[in-house]
Every structure is written in structure tokens, then in C-alpha cells.
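Asks: Encoded as C-alpha cells, here's the structure I'll be asking about.
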Amino acid sequence: MSEDIPFNRVLNLSPGVVEEVVPGVRRILVDNPSPFTFKGTLSYIIGRGKVAIIDPGPVDERHTAALLDAVRGETVTHIVITHTHRDHSPGAAAVKAATGAPTYGEGPHRPARPLFIDETKRLDAGGDTDFVPDHRIAHGDVIAGDGWALEAIATPGHTANHMAFALKGTDVLFSGDHVMGWSTSIVAPPDGAMSDYMASLHRLAARPEKVYLAGHGDVIRDAPDFVARYIAHRRGRETSILHRLGKGEADIPSLVRAIYIGLDPRLTGAASLSTLAHLEDLVARGLVATDGVPSISGRYRLPP
Ligand SMILES: [Zn+2]
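Quick note on our numbering: the sequence shown kicks off at 1 and runs consecutively.
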């Protein structure tokens, strides 16, 4: 896809292996590789003795067992969720049942905007609609444990309920699926919204943390530069869409062909939804016109 972001497509970690990734933080990889999850989802364990688990992962007995093995002899005091996609939050139920630890998250899964009639299925595909946090957290809340504290940073866009967490007193931020080292994030309506996503990127760009631990992929070591490139990449996508529409009206399939050169065919659906996300944002800003509300089957043009 894009060469303007210094992606790192290496992750030397086998599923189920516990590794201290930065001081005081361990990570364990789920065995769920795919074009969307890279090598798999990463669960994180914060602290020693009395610990938090961030993103217990999907329903996966082996992964849950590996997580519980990793914290044997310790007490899990918090289960923290970045967002309610099926590869991140459903494992919370099994970890909670085994440890009694309460769950923390922004809220249940919800779309970023009202649904259209044909969208119900798409929302169900990736969303974990069963998860309800025991403790709802808002932007700026601090989750304090034994020897560690997490500051919640609302980062809607990938999902409406996405939260990032800064590990207080360190240079480390858990970026979930909002910013990842191996790929751009998927922003797919109706779960995702591009205007929220861009605002959330700017929110992170204003922060000092240099090291990001993401839901997929290896550590991001120069996060401020990486986030700036993520923002520039999205602006580039906008420019490509406007450039293509400058040549005449287009539907989403022709925009995707024009914008995504060399796209993995398995990602065509995601690319179409990402393009729709950009179009929703561009229409809202008055830069693109369509008939009625922006939809996946709509035709798009520059405003007269
Ligand atoms: Zn996700």
C-alpha cells in the first residue's frame, strides 16, 4: 500500500510466548494472523504482582490459558479494553471468570452514526456486541493500580468507543488499533468515522509519549513522527480522491482502483469502506457532493 509511512512488517514473537516488551510491560501474541490482524492480536500485562491485562483478545482457550499462565502467582486487578472488536475484547469474559477482575472500557460496542438498512450485517461482522464494561471510562480518567497508572485517552475513529492509554510516569502509550506499526488503521463506517479518526490522531500528535504499544505489530519507537506520517497519509488519500473526482464523477469501486495501487484483493472490501469513510468526511466538509447521504453504492463528484 503506502510507502510514505515507515511500516515495520517484522514481529519476532511466537503465539503464547510471554515477553517483557518494555520495563514493566509484558506482551503475548494471539494465534490469529490474518490480512487484518497481521501476526495476531497482542495482549499486554502491566505491572508485577498486582497487574492489569489490556485486551485479553478473542474467544480462544489457548490464548486465555497462556495469559493466565503468564500471571500465575500474581493477582489480576484490572481488565482494560481498548475497543470492542472481536479480536480484542471477547476474551475478557474468560479472564474475568478465572480471576474475578473487573473490566474497564469506554462503553459497549456502537456504530459511529445511525445505520442504513443494508448495514446491520457489516456491523455485526467485527464488533463484540456482548462486552459491557464493569467500569465505564472517559477521556482523562486515570485507572490506578499497584505501582502503575493508566491515563485514558479517547480516540474514537476506528470504533466509536476506542480508547488509548498512557502509562503514567513513562514514555509509553497503548495505542490499540488507532495507530499500529505494521499498517494503517481500518476506518470503516458505520463502526468507524474518519472525522473522529483524524481528530483522534491530532489528539495523540499533541502528546509527549514516544513509544507506542499497539494491538497488532511491533513497538513504534518514534511515535510523534509516525503519527505525523499517519496524518499526512490520510491527507494524501483525500488529495487522491479529490484529484480523481476532478476528472469526473465516480463510484467507490472506481475510486478504489484509482487510489489503491497493488491492493491485496482480500482487502478490497476494507479499502471500499475506508474510501467511504473519507467520502463521508469530505461530504461533511462540503468538499465532495453526492445524492442524499454518502453510501457505499453512491456516486460522488466535486461540488458545482
Ligand atoms: Zn479493531
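Note that beta-carbon positions come from the ideal geometry of N, C-alpha and C, so glycine has one too.
#1: My assumption, with CB atoms under 8 Å, is that D4 sits in contact with G217. Please give the rounded CB distance.
#2: So for G127, helix, strand or coil by DSSP?
#3: Please tell me whether, using a cut-off of 7 Å, the distance from the CB of H158 to the nearest non-hydrogen atom of ligand 1 is below it.
#4: Residues in its own chain within less than 8 Å of A149 by CB, not counting five upstream and five downstream?
#5: Mind checking whether I54 and V30 have CB atoms under 8 Å apart?
#6: Would you identify the three-state DSSP class for L29, choosing helix, strand or coil?
#7: Quick check on D134: buried or exposed, where buried means 16 or more other Cβ atoms within 10 Å of its Cβ?
#8: Return yes when at least one heavy atom of ligand 1 lies under 7 Å from the C-beta of D177, else no.
#9: Which residues in the same chain have their Cβ closer than 8 Å to the Cβ of P108, if we skip the five residues on either side of it in sequence?
#10: Just checking my contact of M180 with V187 at CB under 8 Å: how many whole Å lie between their CB atoms?
#11: In three-state terms, what does DSSP make of L242?
#12: If you follow the alpha helix (DSSP H) that H78 is part of, which residue opens it and which one closes it?
Replies: This is what the structure gives:
#1: Between G217 and D4 the Cβ distance is about 17 Å, and since that is not below 8 Å, they are no contact.
#2: Here G127 sits in strand by DSSP.
#3: yes
#4: Correct list, in chain order: V142, I143, L167, K168 and G169.
#5: no
#6: strand
#7: exposed
#8: yes
#9: T84, T129, F131, V132, P133 and N161
#10: Not quite, the Cβ-Cβ distance comes to about 12 Å (not below 8 Å), so this is no contact.
#11: helix
#12: From DSSP, H78 is part of no alpha helix (DSSP H) but of the beta strand (DSSP E) over T75 to V80.
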